[in-house]
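Enquirer: Residues in the sequence shown are numbered consecutively from 3, following my numbering.
Below you'll find the structure I mean.
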Amino acid sequence: MFSCSPVLSQAFELVTGDSLFEPKASDSISLEEDHIAQIMQLLGKIPPAVALSGKYSADYFSRRGIYFIPSKSCELVYCDLRRVGPLRLWSLYDVLVEKYHFLLEEASGFSDFLLQMLDYYPGRRATAAQCLRHPWLTSC
3 MFSCSPVLSQ AFELVTGDSL FEPKASDSIS LEEDHIAQIM QLLGKIPPAV
53 ALSGKYSADY FSRRGIYFIP SKSCELVYCD LRRVGPLRLW SLYDVLVEKY
103 HFLLEEASGF SDFLLQMLDY YPGRRATAAQ CLRHPWLTSC
């Protein structure tokens, strides 16, 4: 899903000592479903334009779970995973502060650096050159 994920995962692992995502299969969900669920917990629900665009989307996402959330500028649309229950959203910033005890400013800079590579829409993700100019790297 994320083309720069090896670099991103290595950066997260280097800084925290843990993997960014550690999906596990169970009796009720596949490894892939757990991986998607972990991504959604960190980044929020996947917009249908992305979630339903893949060859195997129907295996993982429910069209019946599509719902609208009104926002100030437009209505956001999301869909749910077929076999995964409600997810507890936990932003990357909050993970860094709550689990890894980052100082607030450090969590803000590092999460901003990683999140620019984790946009659901590939065209909006930062390029490698943009990442190299990110303040989190240039201020070290």
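For every residue, glycine included, the Cβ atom is placed at its ideal position computed from N, Cα and C.
The structure presented is a predicted model; accordingly, all values stated were derived computationally and were not measured.
1) Considering Cα atoms alone, identify which of Ser-11, Val-17 and Met-42 is closest to Val-99.
2) Report buried or exposed for Ser-113, applying the criterion of at least 16 other Cβ atoms within 10 angstroms of its Cβ.
3) Can you pull the DSSP bridge partners for Leu-83?
4) Would you mind working out which of Arg-84, Leu-10 and Thr-140 sits nearest Asp-20, comparing C-alpha positions?
5) Evaluate contact between the stretch 40-52 and the stretch 114-125, counting only Cβ atoms and requiring at least three cross-stretch pairs below 8 Å.
6) Just mark Lys-26 as buried or exposed, buried being the case when its beta carbon has 16 or more other beta carbons within 10 Å.
7) If we require 4 or more residues per run, which alpha helix (DSSP H) segments fall completely within the stretch 88-131?
Expert: Answer, in terms of the structure:
1) When each option's Cα is compared against that of Val-99, the closest is Val-17.
2) By the beta-carbon neighbour count (other beta carbons within 10 angstroms, threshold 16), Ser-113 is buried.
3) Its beta-bridge partners are Phe-63.
4) Residue Leu-10 is the option with its Cα nearest to Asp-20.
5) Touching, yes, given that three or more Cβ pairs across the two stretches are closer than 8 Å.
6) That one is exposed.
7) Qualifying alpha helix (DSSP H) stretches, in chain order: 94-100 and 106-117.
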